[in-house]
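Participant: Each residue of the sequence shown is one higher than the one before, starting from 26 at the first, in my numbering.
A virtual CB, placed ideally from N, CA and C, is assigned to each residue, including glycine.
If you scroll down you'll find the structure; I have some questions about it.
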Amino acid sequence: WGRKKNAGSTQKEAANLHGDCIRRRCCLAQLRGGAVSGERSPASPSRRSAAAMQPRNISIKVAREEDMSSQIGNDGFYFDLVDFDRVKAFQIADNMTMSRLKMEIAVEFSIPVQCQRLWLFCKRQNGTWRPVKPFSTEENNLSMTSLGRLLSRTFLFLNPDGVKLFLEVLNDSSPKNLSNNDGLVFLKLYDPEQTQIRYIGMVFVKASSRPSDILPKLRSLAGFCADEEMELYEEIKFEPSAMCDAIDANITFSESQIGQGDIICYQKSSKSLSHHAYPSVQIFFNRIHDLKAVVPVSLLDAYFGNTIIM
């Protein structure tokens, strides 16, 4: 009984002590203008506003022609222009400008700022990724946040895995002031004899011009003779099926609906190449698409390198 009495006395003292602690907390809270609670008081509007204004990093992936050259035709990569999982990514605060990004690029790639032109990459409705527009001088001076708000009216600027850009390196022959009549077209060369496709360059075309106008340049890039007969195809999509349509070299790019960010694949005329397994890039792409369903991507290069016919 004595132990029980002592225990009850101890509990009473503890209760009194707890009450004193609560009263002290109430007084302290009143002095501070706060509330007493077992939970943390919610952040004040000013604190929430300050937290929202804190810059956050954005991943910006920058693809170059070097990436296209090293990827296309290698490691099972044949369609589209570049695998953005394998290009350089920059971490930039969202309050920084595109001009600041150019300075980072200059350091990383040793390319002067004045020789850089950045393009926005976007995903098309058919699932392909292509450059859609160069950034203007005004856009280069906007913060990433402001740029995103501006471009979101027309394009998806910030993708779930970051911003995707293409870096064009300017030279003396690069057009300085681009208009809506100018289109940046990428080029792939297909070799039926080696069963290989590779990235070979890019060219600016006028909507009113014709593919026949750029044939001399295409021959020069490929190392063909000046009178080499060629076939041109537009690489359009690869899912759910490969689509690579023949191009009529004598109608305008506008009539062919070839323009900004499109891909032209070309080769020697297939007339004398019928004895090859895949005489045209069109046939080659269709075969690649079919094989991807049954052959691991990592083995596609070896498959064509050994010219095995299944």
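1. Ordered along the chain, which non-local residues of its own chain (more than five positions away) have a Cβ less than 8 angstroms from that of Lys-231?
2. Could you tell me which of Tyr-291, Ile-283, Pro-304, Gln-96 sits nearest to Ser-234, measuring between CA atoms?
3. To the nearest angstrom, how far is the alpha carbon of Ile-130 from that of Ile-117?
4. Can you tell me the Cα-Cα spacing of Val-306 and Leu-212, whole angstroms?
5. Put Ile-390 into one of helix, strand or coil per three-state DSSP.
6. From the DSSP output, which residues share a beta bridge with Gly-208?
7. Rounded to whole angstroms, what is the Cα-Cα separation between Asn-99 and Pro-156?
8. Which runs of the alpha helix (DSSP H) spanning at least 4 residues fall entirely within the region 225–279, listed in chain order?
9. Can you tell me which of the three DSSP states Gln-150 falls into?
10. Return the chain-ordered list of same chain residues with a C-beta closer than 7 angstroms to the C-beta of Arg-174, the five sequence neighbours on each side being excluded.
11. Given this structure, state the Cα-to-Cα distance separating Val-188 from Ile-85, to the nearest angstrom.
12. Is the region 144–154 touching the region 252–272, taking contact as three or more C-beta pairs under 8 angstroms?
13. Which residues mark the beginning and the end of the beta strand (DSSP E) in which Asn-165 is found?
14. Put Gly-187 into one of helix, strand or coil per three-state DSSP.
15. Have a look at Pro-241 and Ala-302 and give me their C-alpha separation to the nearest angstrom.
16. Return the Cβ separation of Asp-108 and Gln-96 in integer angstroms, given the expectation that the two are a contact with Cβ distance under 8 angstroms.
17. Would you check if the distance between the CB atom of Gln-292 and the CB atom of Glu-256 is smaller than 8 angstroms?
18. Going straight from the alpha carbon of Thr-122 to that of Glu-90, what length do you get?
19. Ignore the nearest five residues each way along the sequence and tell me which others in Phe-309's own chain have a CB closer than 6 angstroms to its CB.
20. Does the separation of the CB atoms of Pro-217 and Ser-281 fall below 8 angstroms?
21. State the Cα-Cα distance for the pair Tyr-103 and Phe-191, rounded to the nearest angstrom.
Facilitator: Let's see:
1. Position 206 of the sequence shown, counted from the first residue, corresponds to residue 231. So the list reads Asn-206, Asp-207, Gly-208, Phe-278, once near-sequence residues are dropped.
2. Against the sequence shown, residue 234 aligns to sequence position 209. Per the Cα distances, Ile-283.
3. Start at 1 with the first residue of the sequence shown, and residue 130 comes out as number 105. Start at 1 with the first residue of the sequence shown, and residue 117 comes out as number 92. One C-alpha to the other measures close to 11 angstroms.
4. As a working note, residue 306 is residue 281 in the sequence shown. As a working note, residue 212 is residue 187 in the sequence shown. For Val-306 and Leu-212, the distance between alpha carbons rounds to 13 angstroms.
5. Outside the displayed span of the chain (26 to 335) sits residue 390, for which this structure offers no information.
6. As a first step, residue 208 is located in the sequence shown; it is residue number 183 there, counting from the start. Answer is Val-230, bridged to Gly-208.
7. Position 74 of the sequence shown, counted from the start, is the residue given in the question as residue 99. Position 131 of the sequence shown, counted from the start, is the residue given in the question as residue 156. About 22 angstroms.
8. 240–247
9. In the sequence shown, the residue the question calls residue 150 occupies position 125. Coil.
10. In the sequence shown, residue 174 corresponds to position 149, counting from 1. None.
11. Counted from its first residue, the sequence shown places residue 188 at position 163. Counted from its first residue, the sequence shown places residue 85 at position 60. About 5 angstroms.
12. yes
13. Working through the sequence shown from its first residue, we reach residue 165 at position 140. Counting along the chain, Asn-165 falls outside any beta strand (DSSP E), though it belongs to the alpha helix (DSSP H) covering 162–165.
14. On the sequence shown, position 162 is the one that residue 187 refers to. In this structure, Gly-187 counts as strand in the three-state DSSP scheme.
15. The sequence position of residue 241 within the sequence shown is 216, counting from 1. The sequence position of residue 302 within the sequence shown is 277, counting from 1. Distance between the alpha carbons of Pro-241 and Ala-302 is about 28 angstroms.
16. Residue 108 sits at position 83 when you count from the first residue of the sequence shown. Residue 96 sits at position 71 when you count from the first residue of the sequence shown. Indeed, because the Cβ distance is near 6 angstroms, the residues count as touching under 8 angstroms.
17. As a working note, residue 292 is residue 267 in the sequence shown. As a working note, residue 256 is residue 231 in the sequence shown. In contact: Gln-292 and Glu-256 (Cβ atoms closer than 8 angstroms).
18. The count along the sequence shown starts at 1 and reaches residue 122 at position 97. The count along the sequence shown starts at 1 and reaches residue 90 at position 65. Cα to Cα, Thr-122 sits roughly 23 angstroms from Glu-90.
19. To locate residue 309, count along the sequence shown from 1; it is residue 284. Once the five neighbours on either side are set aside, the close Cβ partners of Phe-309 are Tyr-303.
20. As a working note, residue 217 is residue 192 in the sequence shown. As a working note, residue 281 is residue 256 in the sequence shown. Against a cut-off of 8 angstroms, the Cβ pair of Ser-281 and Pro-217 comes out as no contact.
21. Walking along the sequence shown from the start, residue 103 turns up at place 78. Walking along the sequence shown from the start, residue 191 turns up at place 166. Spanning the two alpha carbons is a distance of roughly 18 angstroms.
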